[in-house]
Ligand code: ADP
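Numbering (our numbering), first residue to last: 85 to 585.
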């Protein structure tokens, strides 16, 4: 997959994700708004119901009052008269009339019976008319009283807290609201008349207000205010089913980001692999072609006859074979550390002795480049628990790098130091005055296949495996390795190993 394809995929997915998230947020906001509106509607309907019930209550109160007064004035018979067995229903059908209608339909044959019935019907009509007029005057009086006096009655009496609380509760329940609520009755002029203990209108809870007795004069008006302390929980509960959808969206985002990360990593790995194969081909091709030319020369009689030429050809073959073997060894080292259970033979070894022998092999090579190698093997206690072959390879790789990445303009100066910073540790420091490593590369040089691009001088080929191998081995020896470097000045590799006690 091309890099641009990965980027296009990333962009498309990012847009889709942002869109999805925006739609979800919008949907949630709309849900919250809708729930709030529904809630407010239910509350207002209930409050209106309470207000109506209070008004009816008041009417009933004045009716009772008037009735009592009438009884006191006209005697108890009025009371009896006012409540006949068949009651007058001002809003519905006159039940008596319906009964009379029934009689008419049955129309008896006997005229006397009919006359009697007619009389009784007329009597009844008279009684009803009397009742009606009485009720009407009573109602008129009540209405007048309500209009003229009711607003003078203290509101706490007209709408006492227990009644209001009961009405509120029953109305809310009728409307399907089973939430704890707090309320207050507030006078337009003098503020709160009474309130429940937890009523706090100043908190962020929304206050729902309904006018009580809307026919009262404006300056005497009172309000019923209600708050719901747990309203936000109620709204949240009704939309919390949306939370999983957000969670799934984020899981999707995470998986997608991880996939993109893997795609880039794979891309990088395949590039590294290609580089590695190119490098390896080059590294192997040069000695193979040299050996092949040498072999062709051996076929030549003139060469075979000259001992000097023969010696030269055999030296070339020998050197090139060595070079080839060294390259093969490097690839082998890599395959070795890829194997989880690489065979390690940890033994107590004298680090000073191992380093000394490696330095000896390198001495000639360094001097060939006009350089100098200094050994300061000062550690009094050099015994460490390592695999001799791998530890030799480690020191070898580090010294080889110091030569590979030397500066051309100054003679190579290599210093190898061992010391005991404390009773338990051996420190090996390999310092050079080479081209150095930039800070951003310094962090990565121990990674497999990592090569510093500017350090990739055309005469210096490598696989980017040496330091990865060194790091792996030192870790297996329970030690640490770090590098200090200043570009253009030189590098220092510091190994610490636990001493064998
Ligand atoms: P290779 O030498 O095969 O490229 P290494 O793992 O040995 O791989 O080194 C990784 C990189 O670290 C090298 O490409 C080089 O740029 C840098 N490096 C290693 N040792 C030194 C050193 N002594 N001085 C400068 N650069 C170094």
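Just so it is clear, CB atoms sit at the ideal spot from N, CA and C, and this is done for glycine as well.
As a quick exercise: from the options, pick the residue whose alpha carbon is nearest that of residue i.
{"i": "residue 411", "options": "361, 512, 257", "result": "361"}
{"i": "residue 491", "options": "394, 85, 572", "result": "572"}
{"i": "residue 529", "options": "497, 469, 577, 150", "result": "577"}
{"i": "residue 516", "options": "139, 134, 568", "result": "568"}
{"i": "residue 292", "options": "353, 299, 396, 308", "result": "308"}
{"i": "residue 472", "options": "557, 493, 506", "result": "557"}
{"i": "residue 402", "options": "387, 388, 376, 385", "result": "376"}
{"i": "residue 440", "options": "407, 480, 415, 474", "result": "480"}
{"i": "residue 147", "options": "88, 114, 234", "result": "234"}
{"i": "residue 396", "options": "206, 444, 379", "result": "379"}
{"i": "residue 433", "options": "387, 581, 570", "result": "581"}
{"i": "residue 462", "options": "482, 446, 435, 450", "result": "435"}
{"i": "residue 258", "options": "583, 126, 559", "result": "126"}
{"i": "residue 320", "options": "534, 565, 527, 117", "result": "117"}
{"i": "residue 488", "options": "430, 464, 575, 409", "result": "575"}
{"i": "residue 113", "options": "566, 466, 324", "result": "324"}
{"i": "residue 105", "options": "264, 333, 531, 210", "result": "333"}
{"i": "residue 428", "options": "203, 97, 470, 212", "result": "470"}
{"i": "residue 466", "options": "383, 331, 357, 585", "result": "585"}
{"i": "residue 294", "options": "270, 430, 315, 312", "result": "270"}
{"i": "residue 121", "options": "315, 329, 228, 265", "result": "315"}
{"i": "residue 357", "options": "521, 546, 154", "result": "546"}
{"i": "residue 318", "options": "154, 119, 506, 381", "result": "119"}
{"i": "residue 263", "options": "445, 311, 210, 483", "result": "311"}
{"i": "residue 504", "options": "570, 468, 523", "result": "468"}
{"i": "residue 369", "options": "409, 383, 331, 381", "result": "409"}
{"i": "residue 509", "options": "152, 521, 564, 150", "result": "564"}
{"i": "residue 136", "options": "267, 413, 299", "result": "299"}
Only counting the same chain, and skipping five residues up and downstream in sequence, which positions put a Cβ closer than 8 Å to that of residue i?
{"i": "residue 417", "result": "477, 549, 553"}
{"i": "residue 90", "result": "344, 347, 348, 351"}
{"i": "residue 138", "result": "242, 243, 247, 248, 251, 296, 297"}
{"i": "residue 386", "result": "393"}
{"i": "residue 94", "result": "344"}
{"i": "residue 260", "result": "126"}
{"i": "residue 405", "result": "371, 375"}
{"i": "residue 85", "result": "347, 351"}
{"i": "residue 108", "result": "326, 329, 330, 333"}
Any idea which residues DSSP pairs residue i with across the strands?
{"i": "residue 552", "result": "None; residue 552 has no bridge partner."}
{"i": "residue 433", "result": "468"}
{"i": "residue 309", "result": "268, 293"}
{"i": "residue 566", "result": "578"}
{"i": "residue 511", "result": "503, 580"}
{"i": "residue 275", "result": "271"}
{"i": "residue 460", "result": "501"}
Tell me which residues share the same chain as residue i and place their Cβ nearer than 6 Å to its Cβ, disregarding the 5 neighbours each side in the sequence.
{"i": "residue 101", "result": "337"}
{"i": "residue 525", "result": "536"}
{"i": "residue 255", "result": "130, 133, 134"}
{"i": "residue 495", "result": "454, 455"}
{"i": "residue 164", "result": "Only weak support is given to the placement of residue 164: the predicted model assigns it a pLDDT of 46, under 50, and the value that follows is read from those uncertain coordinates. For residue 164, where only same-chain residues beyond five positions count, there are no Cβ hits under 6 Å."}
{"i": "residue 99", "result": "none"}
{"i": "residue 532", "result": "552"}
{"i": "residue 407", "result": "371"}
{"i": "residue 501", "result": "460, 513"}
{"i": "residue 157", "result": "none"}
{"i": "residue 265", "result": "310, 312"}
{"i": "residue 228", "result": "none"}
Looking only at its chain, what residues have a beta carbon closer than 7 Å to the beta carbon of residue i, apart from the 5 residues adjacent to it on each side?
{"i": "residue 485", "result": "550"}
{"i": "residue 92", "result": "none"}
{"i": "residue 230", "result": "142, 143, 146"}
{"i": "residue 450", "result": "456, 457, 487, 496, 498"}
{"i": "residue 177", "result": "Low confidence applies to residue 177: its pLDDT is 42, below 50, so where it sits in the model is not reliable, and the reading given next is rough at best. Within the same chain, residue 177 has no close Cβ partners at all."}
{"i": "residue 566", "result": "578"}
{"i": "residue 430", "result": "469, 470, 471"}
{"i": "residue 592", "result": "Outside the displayed span of the chain (85 to 585) sits residue 592, for which this structure offers no information."}
Check whether the Cβ of residue i lies closer than 8 Å to any heavy atom of the ligand NAP, and answer yes or no.
{"i": "residue 536", "result": "With respect to the ligand NAP, the structure shown offers nothing to examine, as its ligands consist of the ligand ADP."}
With three or more C-beta pairs closer than 8 Å as the rule, is the segment 296-303 touching the segment 279-286? No, they do not touch.
Could you tell me whether the segment 223-235 touches the segment 263-277, using the rule of 3 or more Cβ pairs below 8 Å? The segment 223-235 vs the segment 263-277: no contact.
Contact between the segment 235-244 and the segment 204-221: three or more CB pairs below 8 Å? no
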